[in-house]
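A.B. asks: Got a structure for you, questions after.
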Amino acid sequence: MERTLVLCKPDAVQRGLVGQILTRFEQKGLKLVGMKLRQFPKELLEQHYSDHKERPFFPSLVGFMGSGPVVAMALEGIDAIAVVRGLMGKTNAREAAPGTIRGDLGMSFSNNLVHGSDSAESAAKELALFFPGADELVDWTPCTLEWSYSVG
Ligand code: IDP
Ligand code: MG
């Protein structure tokens, strides 16, 4: 099992798409183990996107992510990191395939609705950043586990 960080970005919250986005992850069989809505401080967002700090779009990216509330979720499942990235689609929503979240719901490169961690290392770093408290992530067993994963 893997855990990954998903953010519903400010455009998703403003457009009332959080429920639809969460539904896609739930329906796929990913387990929600943490969730919060916050307007996150600039310093945290700069840390979150620190790999991009030399890129020209970094200031506008951090500004956009801090411009309104964001819903942060921790999702768990087998290969959760890659599965979430697949459901999200390509970064530029105009190029993202139909059937993906970005492909179905967005038209923008920057305002592309969702973030998902891109590796085990970034997932560990990002989950610690957005869910720092010891009790913020919940261990539980969904009654659908065997039917979703056929692990029995
Ligand atoms: P990802 O979100 O698909 O992992 P990254 O390359 O990690 O894409 O970029 C982080 C975020 O920065 C993107 O989701 C998007 O919001 C924004 N971004 C990336 N590249 C550009 C760009 O060339 N112009 C504007 N915004 C960009
Ligand atoms: Mg990325």
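Everything in the sequence shown is counted per the numbering used here, starting at -7 for the first residue and increasing by one.
Don't be surprised by glycine CBs; every beta carbon is placed ideally from N, CA and C.
No experiment lies behind these values; they were computed from the predicted model shown.
Which whole-angstrom value describes the C-beta separation of residue 68 and residue -5, a residue pair presumed to lie in contact below a C-beta threshold of 8 Å?
C.D. replies: Translated into positions along the sequence shown, residue 68 becomes position 76. Translated into positions along the sequence shown, residue -5 becomes position 3. Sure, about 5 Å apart at Cβ, within 8 Å.
A.B. asks: I'd like to confirm the pairing. Which residues does DSSP put opposite residue -4 in its beta bridges?
C.D. replies: Against the sequence shown, residue -4 aligns to sequence position 4. Answer by DSSP bridge pairing, in chain order: 67.
A.B. asks: Looking only at C-alpha atoms, which of 90, 106, 100 and 9 sits nearest to residue 66?
C.D. replies: For the purposes of this step, residue 66 is identified with residue 74 of the sequence shown, where counting begins at 1. Of the listed residues, the one whose Cα sits closest to residue 66 is 106.
A.B. asks: Within the present structure, is the beta-carbon of residue 154 separated from the nearest heavy atom of ligand 2 by less than 8 Å?
C.D. replies: Residue numbering for the chain in the displayed model covers -7 to 144; residue 154 lies beyond these limits and cannot be assessed.
A.B. asks: Since residue 11 is in the alpha helix (DSSP H), which residue starts that stretch and which ends it?
C.D. replies: As a position in the sequence shown, residue 11 is number 19, starting the count at 1. Here the alpha helix (DSSP H) through residue 11 covers 10 to 20.
A.B. asks: Excluding the 5 residues preceding and the 5 following residue 90 in the sequence, name in chain order all residues of the same chain whose CB lies nearer than 7 Å to its CB.
C.D. replies: Start at 1 with the first residue of the sequence shown, and residue 90 comes out as number 98. Counting only Cβ-Cβ distances below 7 Å, and skipping sequence neighbours, we find 96.
A.B. asks: Of the residues 64, 133, 51 and 135, which one's Cα is nearest the Cα of residue 26?
C.D. replies: The count along the sequence shown starts at 1 and reaches residue 26 at position 34. That would be 64, whose Cα lies nearest to the Cα of residue 26.
A.B. asks: Secondary structure at residue 125, three-state DSSP: helix, strand or coil?
C.D. replies: For this step, residue 125 is matched to residue 133 along the sequence shown. Coil at residue 125, not helix or strand.
A.B. asks: Residues bridged to residue 23 by DSSP?
C.D. replies: By 1-based counting over the sequence shown, the position of residue 23 is 31. Residue 23 is bridged to 68.
A.B. asks: Please find out if some non-hydrogen atom of ligand 1 comes closer than 8 Å to the beta-carbon of residue 1.
C.D. replies: Along the sequence shown, read from residue 1 onward, the residue named residue 1 stands at position 9. Answer for residue 1: yes, Cβ within range of ligand 1.
A.B. asks: Of the choices 38, 102 and 74, whose alpha-carbon is the least far from that of residue 87?
C.D. replies: Counting from 1 along the sequence shown, the entry for residue 87 is found at position 95. Checking every option, the nearest Cα to that of residue 87 belongs to 102.
A.B. asks: Please indicate yes or no: does the CB of residue 101 lie closer than 8 Å to some heavy atom of ligand 1?
C.D. replies: Numbered from its first residue, the sequence shown carries residue 101 at position 109. Checking every heavy atom of ligand 1 against the Cβ of residue 101, one is found closer than 8 Å.
A.B. asks: Determine the contact status of residue 73 and residue 111, defining contact as a CB-CB distance below 9 Å.
C.D. replies: Taking the first residue of the sequence shown as position 1, residue 73 is located at position 81. Taking the first residue of the sequence shown as position 1, residue 111 is located at position 119. Their beta carbons are under 9 Å apart, which means residue 73 touches residue 111 by this criterion.
A.B. asks: Nearest-angstrom Cα distance between residue 134 and residue 23?
C.D. replies: The sequence position of residue 134 within the sequence shown is 142, counting from 1. The sequence position of residue 23 within the sequence shown is 31, counting from 1. Spanning the two alpha carbons is a distance of roughly 8 Å.
A.B. asks: Please classify residue 13 as buried or exposed, where buried requires at least 16 neighbouring CB atoms within 10 angstroms.
C.D. replies: Against the sequence shown, residue 13 aligns to sequence position 21. Counting Cβ neighbours within 10 Å, residue 13 comes out buried, since at least 16 surround it.
A.B. asks: Measure from the alpha carbon of residue 108 to the alpha carbon of each residue in 138, 75 and 36, then state which is nearest.
C.D. replies: Locating residue 108 in the sequence shown gives position 116, where the first residue counts as 1. It is 75.
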